[in-house]
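Using our numbering, the letters of the sequence shown map in sequence onto residues 0 to 470. Heads up, the thing below is written out as structure tokens.
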Amino acid sequence: MSSPYPALLASLLTAALACCKPASEPPRSAAPPDAATTPWLAERDVGLAAPSGTILVDGPVTDLAPGADVPPLVGELAAPGEIDAGPGAGDAPDDVVAGGDAAEVDPSVAAGDASLVPLAATSIVLPEELVAKVRAAPTARAEDDARRLNRTGLQKHRRLELEAAIRDYQQALDAWPGHPFSNYNIACAYALTGHPDDALRHLAILAVVGDEASRDRLLSARTDADFDAMLDDPRFREVTGYTPIYVSWSPGLDKRVDAQRIATALHGAHLSARATPTAWETRYDRPTLLVRPNDAVAARAAEEVRAAVTLGAIDQKDDPSLDLRRTVVLVLPAPPAAGAEAAVAPRDGDDRPGEVSAPAVGLEGDARAFSDLVGVRLAARDGGTVQKLLLKPTGFFEWEVATPDGGRTLRRGRYAVRGDALALDYREDVQTPGPDPTAPEVRFEEGKRSTHPFALTSAGLTMDGVTFRLQ
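Below, the structure is given as structure tokens:
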């Protein structure tokens with residue numbers, strides 16, 4: 000069977016360095032709530048050996064990260080129901096046979112704010128026995144075991160020991176089948192190791208569980224680089240609500256900066272949005288949402304765009320010219336519009352403010368080259384040490400260093416460009432392995448500042464003796 004992912008192997012190798020974005024739950028120790036967590040790696044778990052579902056949706060989907068050029072389509076989508084299981088998996092997908100022992104993912108299970116709930120993948124079918132298990136409340140012992148095993152899996156995950164991490168996640172799920180973080184983490188590990196069926200099964204389990212933590216994980220999956228190799232899989236689109244969104248502007252007035260700010264705000268609201276490099280071909284006098292017709296995921300994304308930005312009254316029109324590479328386009332009006340700033344309501348656990356500040360990069364000359372590194376994941380590897388760096392267009396950054404002994408340093412805060420150096424103001428969390436691998440020593444320090452000279456090369460950003468490359 001021909002693969003719908005011709006560049007899967009290359010993308011997996013690339014994604015491995017940028018792997019994992021945990022939004023992990025608070026540790027059950029005296030450490031500060033976020034001292035032992037990582038923003039790039041949520042707590043995850045391994046599968047329950049349940050058959051994976053099949054979703055029949057037409058067309059490929061391409062991720063559109065802010066600031067990137069429009070990527071070309073890679074290859075052709077396989078026939079409905081066909082999937083590329085990736086290296087090490089079987090030659091054919093596991094088809095789900097409907098019957099008395101199966102249950103569909105129920106879109107009504109997820110309670111709470113409907114604007115935060117992705118479209119449920121009603122065509123993914125899970126066995127009733129599995130559905131009952133994941134919805135059952137865990138015992139206190141099972142909950143503790145799942146959290147402990149998930150943490151050990153995370154340590155291996157950060158060292159890129161993905162197969163070993165999957166085994167720990169699976170044991171965590173054996174203890175507590177509905178643990179949201181273990182299900183999400185194992186989905187990420189399966190995605191990175193080329194097993195999209197297994198990854199999608201665990202994302203579908205999150206839809207079945209339907210609590211707030213599970214819904215948040217599904218929203219995070221839309222912009223999580225761990226799933227980059229699955230963005231062309233229509234099943235991923237249906238279960239997470241992922242869809243590519245553009246922000247553009249009417250001809251006659253360059254609103255590139257406003258478009259980039261709004262795209263950044265939407266990305267922070269778990270929508271895969273980016274600004275177009277040029278103005279839209281049609282002029283609009285009011286903010287206008289263009290939506291791909293007869294596309295339920297795109298229609299839902301348009302609702303989320305309305306909830307995430309404040310632009311006054313927004314018109315909405317169907318646009319038959321849009322396809323699955325570009326399903327929703329927000330076009331800013333031609334005349335200057337007061338209040339055309341994007342604002343995202345802060346959510347519990349979000350480490351970024353609701354308002355969107357101007358991009359921190361405003362240099363002459365090198366600014367354009369440096370801006371190529373803003374809003375994308377960068378990674379560096381020096382021996383067994385892996386570093387991951389994300390410079391957000393909003394002026395915030397995340398910088399993680401993982402050492403072979405299991406140690407981890409995480410810096411999160413603001414950055415600014417000062418000549419040929421990055422000036423950082425941040426909180427630093429340091430995790431040091433101890434005799435007990437499940438109880439590392441954790442310390443943190445607020446208000447740290449440092450300056451790091453950098454050089455731009457054809458390979459990427461060289462800083463502190465290592466080169467961070469685009470992922």
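All C-beta atoms in this analysis are idealised placements derived from N, C-alpha and C, irrespective of residue type, glycine included.
State yes or no: is the C-beta of residue i nearer than 7 angstroms to some heavy atom of the ligand NAP?
i      : result
Leu331 : Summarising the ligand content, the structure contains no ligands, and the ligand NAP is consequently not present.
Since residue i is in the beta strand (DSSP E), which residue starts that stretch and which ends it?
i      : result
Thr450 : Glu440 to Leu455
Lys387 : Thr384 to Leu390
Arg417 : Arg407 to Arg417
Leu288 : Thr287 to Val290
Glu427 : Ala420 to Thr431
Let me confirm a value: residue i is counted as buried when at least 16 other C-beta atoms fall within 10 Å, else exposed. Which label applies?
i      : result
Ser457 : exposed
Val124 : buried
Ala307 : buried
Ala22  : Its pLDDT being 38, under 50, Ala22 is placed unreliably by the model, and the measurement read from it follows with that caveat. It is buried - the Cβ of Ala22 has at least 16 other Cβ atoms within 10 Å.
Glu237 : buried
Ala454 : exposed
Arg200 : buried
Ser181 : buried
Val95  : For Val95, the predicted model reports a pLDDT of 23, less than 50, meaning its position is unreliable; a value from the coordinates is still stated below. Burial call: buried.
Val328 : buried
Ser213 : buried
Asn293 : exposed
Thr275 : buried
Asp383 : Note on residue identity: the sequence assigns Gly, not Asp, to residue 383. By the neighbour-count rule (16 or more Cβ atoms within 10 Å), Gly383 is not buried but exposed.
Arg150 : buried
Ala136 : exposed
Val208 : buried
Asp317 : exposed
Lys447 : exposed
Ser449 : exposed
Ala190 : buried
Arg407 : buried
Pro319 : exposed
Gly338 : Note that Gly338 scores 43 on pLDDT, short of 50, meaning its location in the model is unreliable; the coordinates nonetheless yield the value given after this. Counting Cβ neighbours within 10 Å, Gly338 comes out exposed, since fewer than 16 surround it.
Pro352 : Confidence at Pro352 is low in this model, with a pLDDT of 32, below 50, so the placement of that residue is unreliable and no value is reported for it.
Val304 : buried
His156 : buried
Val355 : At Val355 the pLDDT is 32, less than 50, meaning the model places this residue with poor confidence; the figure from the coordinates comes in the next sentence. Flag for Val355 reads buried.
His266 : buried
List the endpoints of the continuous alpha helix (DSSP H) containing residue i.
i      : result
Glu128 : Glu127 to Arg134
Glu160 : Looking at the DSSP string, Glu160 is not in any alpha helix (DSSP H), and its letter there is neither H nor E.
Ala298 : Ala295 to Ala307
Would residue i and residue j qualify as a contact pair, given that the criterion is a beta-carbon distance under 8 angstroms?
i      : j      : result
Glu142 : Trp175 : yes
Ala300 : Leu270 : yes
Leu148 : Ala171 : yes
Leu278 : Ala262 : For the sequence presented, residue 278 should be read as Ala rather than Leu. Not a contact, by the Cβ cut-off of 8 angstroms.
Phe467 : Leu388 : yes
Tyr283 : Ala220 : no
Arg291 : Thr326 : yes
Leu217 : Leu202 : yes
Arg372 : Phe396 : The sequence given here places Leu at residue 372; Arg does not occur at that position. Taking 8 angstroms as the Cβ cut-off, Leu372 and Phe396 do not qualify as a contacting pair.
Thr287 : Val246 : no
Ala164 : Gly152 : yes
Ala379 : Val465 : yes
Arg426 : Glu445 : yes
Arg285 : Asp314 : yes
Asp210 : Pro179 : yes
Gly418 : Lys391 : no
Val429 : Arg442 : yes
His515 : Ala420 : For the chain, the structure presents residues 0 to 470; residue 515 sits outside this window and is missing.
Per DSSP, residue i forms a beta bridge with which residues?
i      : result
Phe484 : The displayed coordinates of the chain run from 0 to 470. Any statement about residue 484 would go beyond what the structure contains.
Leu331 : Trp248
Glu397 : Leu389 and Arg411
Gln315 : Leu288
Asp322 : Arg325
Arg376 : Leu389
Asp381 : Thr384
Whole runs of the beta strand (DSSP E) within the region 209-275, excluding any shorter than 3 residues: You should have 244-248 and 272-274.
Please list the segments of the alpha helix (DSSP H) lying wholly inside the region 164-206, counting only runs of 4 or more residues, in order along the chain. List check, alpha helix (DSSP H) in window: 179-191.
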